[in-house]
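Report on the following structure.
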DNA sequence: GCCATAAGATACGGCGCGTTTCCTGCTTCC
DNA sequence: GGAAGCAGGAAACGCGCCGTATCTTATGGC
């Protein structure tokens, strides 16, 4: 709801209330202008606060946006378990891709690209995938499938586990937009699943 | 006796000579400062010219750097043909990775990341891979290998052909540095080659 | 030798980051 | 309940760099 009076009462917010207002403002700016044109001044204005307040909490622009994404993104869900690997993976990959559908895809792309520029953020990002992230979920799904005899357990290596992720990310980065379903299925049916099913050699 | 003919004779260069000097200056700046800190002023100064001269030839910073890379990068070579696919691919992938070894790897990374930001440049980049680029070379190698019976010809699809490229690029982007040999071999031995050798299903 | 052309020097406007300075209202602690 | 101090808020600044505009001056074609 809207504040009753515009300039009547300069209500001074603090702590968590202020922080929530700021992160909401970030989200709003992302939706409206995208990441490229999200400015610190813009966020401050939208949150009706000022830049020093932002910089007291976050060291720079990407850190601020990370915080906003972390707050607003839906949590990871449990690994799907349909009883069939292909369906599991399809569900899972799609849920990954559509995690930020509330934002213009171009905004997410610009943000990820910006993340990659900074070594520190880059490391944090890749780390977030493995430690308790999607990689674990994938591994769970693969082990279950191996238990059912759907795939060759010998093929399950770290590189192969993260392969779907790597390909989705690459498609997103080079394509500029979330991979369409066609591409996801292609990745699964032409690369990931055949590889997992391939018998060991030698 | 106003002019004691100092070190700088005001030789005014034009056309191709000037252009070469500029692109060399770009290269020098890349080597010395990396892409992030390559500035138009810096290039102009190093080339002993001025910014308007740069902007008369190239519309912006990335375009200028593209021109410099195009001039200084070694040409693509013929696809290797050792008689064995793994060796061919190893040679080829390594040659790709070390194409810009004269530059600090961080500079190449920053440049590629910057390319991805602009839809136009992004498209030009991905296009350069397929049309008469590395993708063609890879396909040639794969077809030869299929002819020798090394791999399953049914596995050769566009997505699979570009798979090694995609994985190298992703490793470069997310790793921040050229993939070490270990990773290249892992990609080949755990993903690409097993997939190519896998028998058709159904 | 004349003149169009492009090089070179310089300065400017713009933008956005991150910081500084100063003021002011809220909260806490005695 | 009052003072001290903490944190929010507003404005302005310096910086760096982009891309452009203006003007002078050398150069090469004719």
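Protein chains in written order, with my numbering: chain A, 15 to 216; chain B, 15 to 216. For each residue, glycine too, the CB sits at the ideal point set by N, CA and C. Note that the structure is predicted; figures quoted are calculated from it, not measured.
Residue-level contact to chain B via CB, residue i, 9 Å cutoff
i, result
"residue 164(A)", "no"
"residue 212(A)", "yes"
"residue 173(A)", "yes"
"residue 88(A)", "no"
"residue 187(A)", "yes"
"residue 33(A)", "no"
"residue 113(A)", "no"
"residue 209(A)", "yes"
"residue 46(A)", "no"
Chain A within 9 Å of residue i, Cβ atoms only
i, result
"residue 139(B)", "yes"
"residue 169(B)", "yes"
"residue 80(B)", "no"
"residue 98(B)", "no"
"residue 200(B)", "yes"
"residue 190(B)", "yes"
"residue 121(B)", "no"
"residue 136(B)", "yes"
Residue i: first and last residue of the uninterrupted alpha helix (DSSP H) it sits in
i, result
"residue 36(B)", "29–47"
"residue 187(A)", "177–189"
"residue 166(A)", "Segment: none, residue 166(A) is in no alpha helix (DSSP H) and carries neither H nor E."
"residue 123(A)", "119–131"
"residue 150(A)", "148–161"
"residue 57(B)", "54–60"
"residue 195(B)", "195–200"
"residue 79(B)", "75–86"
"residue 101(B)", "99–111"
"residue 25(A)", "Note, residue 25(A): premise wrong, no alpha helix (DSSP H); not H, not E."
"residue 208(B)", "207–211"
"residue 67(A)", "65–71"
Euclidean distance between Cα positions of residue i and residue j
i, j, result
"residue 68(B)", "residue 29(A)", "50 Å"
"residue 51(A)", "residue 35(B)", "35 Å"
"residue 198(B)", "residue 85(A)", "37 Å"
"residue 53(A)", "residue 41(A)", "12 Å"
"residue 190(A)", "residue 136(B)", "8 Å"
"residue 132(B)", "residue 82(B)", "18 Å"
"residue 193(B)", "residue 117(A)", "32 Å"
"residue 154(B)", "residue 37(B)", "33 Å"
"residue 183(A)", "residue 27(A)", "39 Å"
"residue 152(A)", "residue 205(B)", "16 Å"
Close-in-space but distant-in-sequence residues of the same chain around residue i (CB under 7 Å, 5 per side omitted)
i, result
"residue 18(B)", "Here the model assigns residue 18(B) a pLDDT of 37, short of 50, so the residue's position is not dependable, and the following value carries that caveat. Within the same chain, residue 18(B) has no close Cβ partners at all."
"residue 164(B)", "99"
Chain-order list of residues whose beta-carbon lies under 6 Å from that of residue i (same chain, five-residue window excluded)
i, result
"residue 121(A)", "44, 48 and 49"
"residue 56(A)", "43"
Other residues of its chain near residue i: CB distance less than 8 Å, five sequence neighbours each side excluded
i, result
"residue 148(B)", "90, 106, 110 and 179"
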